[in-house]
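So the sequence shown is numbered by my numbering: it starts at 31 and just counts up by one.
Report on the following structure.
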Amino acid sequence: MAKFRILSLDGGGTWALIQVMALMDIYGADATGHEVLRHFDLVAANSGGSIVLGCLVENMPLSQTLAFFLSLEKRKSIFVEKFHLPYTPKYKTVVKFKGLQASLPQRGEWLLPQAAADIPSANTNRPVHLLIIGFDYDRNCARFFRSAPATGAAWGNGDAAQVRLVEAIHASTTAPVLYFDKPAKFPSEPARRYWDGAVTGCNNPVLAAVTEAIVLGHAPDAVAALAIGTGTVSCPPAPAGAPPEVFYATREEPGILPDALKLASAIVDDPPDVASFLVHVLTGGQDGVPAPADSRVVRMSPMISPVRNAAGDWTLPQGMNVDQFSVLANLAMDAVKQEQVLAIQMLAQLWLDDHVRNQPIRMNGNLKLELGQDWYSQAKAAWKTIQ
Numbered sequence: 031m032a033k034f035r036i037l038s039l040d041g042g043g044t045w046a047l048i049q050v051m052a053l054m055d056i057y058g059a060d061a062t063g064h065e066v067l068r069h070f071d072l073v074a075a076n077s078g079g080s081i082v083l084g085c086l087v088e089n090m091p092l093s094q095t096l097a098f099f100l101s102l103e104k105r106k107s108i109f110v111e112k113f114h115l116p117y118t119p120k121y122k123t124v125v126k127f128k129g130l131q132a133s134l135p136q137r138g139e140w141l142l143p144q145a146a147a148d149i150p151s152a153n154t155n156r157p158v159h160l161l162i163i164g165f166d167y168d169r170n171c172a173r174f175f176r177s178a179p180a181t182g183a184a185w186g187n188g189d190a191a192q193v194r195l196v197e198a199i200h201a202s203t204t205a206p207v208l209y210f211d212k213p214a215k216f217p218s219e220p221a222r223r224y225w226d227g228a229v230t231g232c233n234n235p236v237l238a239a240v241t242e243a244i245v246l247g248h249a250p251d252a253v254a255a256l257a258i259g260t261g262t263v264s265c266p267p268a269p270a271g272a273p274p275e276v277f278y279a280t281r282e283e284p285g286i287l288p289d290a291l292k293l294a295s296a297i298v299d300d301p302p303d304v305a306s307f308l309v310h311v312l313t314g315g316q317d318g319v320p321a322p323a324d325s326r327v328v329r330m331s332p333m334i335s336p337v338r339n340a341a342g343d344w345t346l347p348q349g350m351n352v353d354q355f356s357v358l359a360n361l362a363m364d365a366v367k368q369e370q371v372l373a374i375q376m377l378a379q380l381w382l383d384d385h386v387r388n389q390p391i392r393m394n395g396n397l398k399l400e401l402g403q404d405w406y407s408q409a410k411a412a413w414k415t416i417q
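Here's what the structure looks like:
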């Protein structure tokens, strides 16, 4: 049975440069956006991942897309600071839209169906199906900005979005509460307002992507999905009597303010990831999947996490010191300062070199792998097997 190939790109603000570095490793630094997109039949993205998708549709070489994220000027055109009090929004939504428009001068103003029309999948020779996730502020529900209809007798109507590429990205990147000061608005839908698609629970949009594929008529066991994340902090509990270490999880006291901050950050953070496991189950589990893969979904995302040494004790990842680990573990998704972004780039390279663990599809409370791959090279090999 022919496979239906999916690329899923998590949200995560500037941390999305991790996705670009992974794509560079898989497809080559000089590969253009359209060359990458042609490897897939459907590409789903949320928030920071939707900016990566925009650069792919713009047909930037991957090296240029990485330079985009590494550019302080580009970052400041999107994260434009305003005067703010502690625990209030820091950035201007309206000015972000202008920064996105300036960053996508070729296809940003194209309607979403037009933006994908001349990018055929090498698998089907049909235009790659684009899916960008947003949250409808007024209707309190998810909004799927898609480049083509997803409709069926048993599913109802899923219309193509008659909005511009840059507008869909603007909707998907407006993280609320602690980040941007108001919901996104744009000319194509002047009466509608949007927040970041992470509010819908789709910060990792792979479940939405596979659902879309099924609605499009593809059998679940014909799907092959590559879900690339933007990093997550996963620390083990401290053993009884152990001295404090930077890589042990801390126990926070509940309260109105800390709970509000936890909820506000959780929607754009990556709490223990269930979407990849749900897709694993939905697509048939391990049945019929060739080794070294163990699922029809491959998860690629670095974990800011300790690793076990030869004696079985937790220790810092190779190439990372205490200060570097602490900075990354406490760094928000809106990293703008150059030293912060360089720390993310360092993390990504350590992950690509198998010094930092990969996020599995499923692991237990002690961070032991149950399903998926512990290291990037293993995940890459699994993807080559099932694609």
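Note that beta-carbon positions come from the ideal geometry of N, C-alpha and C, so glycine has one too.
- In the same chain as Leu-83, and ignoring 5 residues on each side of it, the C-beta atoms closer than 8 Å to its own belong to Leu-39, Val-73, Ala-75, Leu-160, Ile-162, Ile-199, in chain order.
- The C-alpha of Arg-173 is placed about 19 Å away from the C-alpha of Leu-37.
- In the three-state reduction of the DSSP assignment, Leu-346 falls in the coil class, being assigned neither a helical nor a strand state.
- The beta carbon of Ala-362 sits closer than 6 Å to no other beta carbon from its chain once the five residues preceding and following it are set aside.
- DSSP places Asp-383 in the coil class of the three-state scheme, outside both helix and strand.
- DSSP places Ile-258 in the uninterrupted beta strand (DSSP E) bounded by 253-258.
- When DSSP states are grouped into helix, strand and coil, His-69 belongs to the coil group.
- When Ala-243, Thr-260, Phe-109 are compared, the shortest CA-CA separation from Val-253 is found for Ala-243.
- DSSP, read as helix, strand or coil, puts Arg-329 in strand.
- Taken atom to atom, the span from the alpha-carbon of Leu-115 to that of Asp-211 is near 12 Å.
- Residue state for Thr-262 is assigned as strand, using DSSP reduced to three classes.
- In the structure shown, Phe-307 adopts helical secondary structure according to DSSP, grouped into three states.
- Around the beta carbon of Lys-398, fewer than 16 other beta carbons sit within 10 angstroms, so the residue counts as exposed.
- A distance below 6 Å between beta-carbons, with the five flanking residues on each side excluded, links Asp-148 to no residue of its chain.
- The beta-carbon distance between Arg-35 and Glu-88, rounded to whole angstroms, is 21 Å. This is too long to meet the 8 Å contact definition.
- Beta-bridge pairing by DSSP links Cys-85 to no other residue.
- If you draw a straight line from the Cα of Phe-113 to the Cα of Tyr-406, it is about 41 Å long.
- Burial check for Pro-206: the Cβ neighbour count within 10 Å reaches 16 or more, so the residue is buried.
- For Phe-34, the enclosing beta strand (DSSP E) begins and ends at 34-39.
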